[in-house]
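A short write-up of the structure that comes next.
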Amino acid sequence: MSIKKETWFNLLAAWLILMAAWTVFIKFLFPIVYAVNYGHDFLNYIMWDFWWVAHIWLAYSFLNISRYTFIFGSVISIAELIIIILKLYLFFNDPQWNIWDTNWMINKVVMLILFLFISVTLLKEKKLFLKS
11 MSIKKETWFN LLAAWLILMA AWTVFIKFLF PIVYAVNYGH DFLNYIMWDF
61 WWVAHIWLAY SFLNISRYTF IFGSVISIAE LIIIILKLYL FFNDPQWNIW
111 DTNWMINKVV MLILFLFISV TLLKEKKLFL KS
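Each residue of the sequence shown is one higher than the one before, starting from 11 at the first, in my numbering.
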């Protein structure tokens with residue numbers, strides 16, 4: 011039993027959208043609500059990160075395959091993998107198990123798995139992406 015390519019691309023796109031939404035929630039919305047609830051400046055706990063924009067673009071690209079899917083998808087995946095692995099390495103050298111760092115770490119582990127799947131998909135389907 012195998013998954014059709016279109017179904018797999020749709021799954022990756024949905025996962026990217028879900029991760030973008032999760033990122034916006036844990037890095038922007040939750041910190042703002044937390045800060046306001048405890049009477050702190052609402053910008054105090056925000057973790058500024060705009061990778062979610064690239065993730066939404068990549069999701070759109072998986073739904074509308076073109077050669078840019080491979081080119082930009084590869085660049086985004088390589089950059090994400092390097093950054094995530096480095097950040098997780100630094101985290102696990104001196105872990106801080108508070109609500110902020112634990113949420114962040116869980117997000118990074120899930121992102122690592124996602125971008126490993128994306129990297130394998132891009133390499134496996136390189137001809138399909140480049141001929142589009």
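Note that beta-carbon positions come from the ideal geometry of N, C-alpha and C, so glycine has one too.
Predicted model only: the values in this text are computed from it and were never measured.
- The beta carbon of Trp32 is closer than 7 Å to those of Asn117 in its chain, skipping five residues each way along the sequence.
- In the DSSP annotation of this structure, the continuous segment of the alpha helix (DSSP H) that includes Lys97 starts and ends at Arg77 to Asn103.
- Inclusion of Phe82 and Leu22 in the CB contact set at 8 Å is not warranted, their separation being larger than that value.
- Leu126 and Glu90 have their C-alpha atoms spaced approximately 10 Å apart.
- Boundaries of the alpha helix (DSSP H) around Lys141: Lys136 to Lys141.
- Spanning the alpha carbons of Ile36 and Phe60 requires a straight line of approximately 13 Å.
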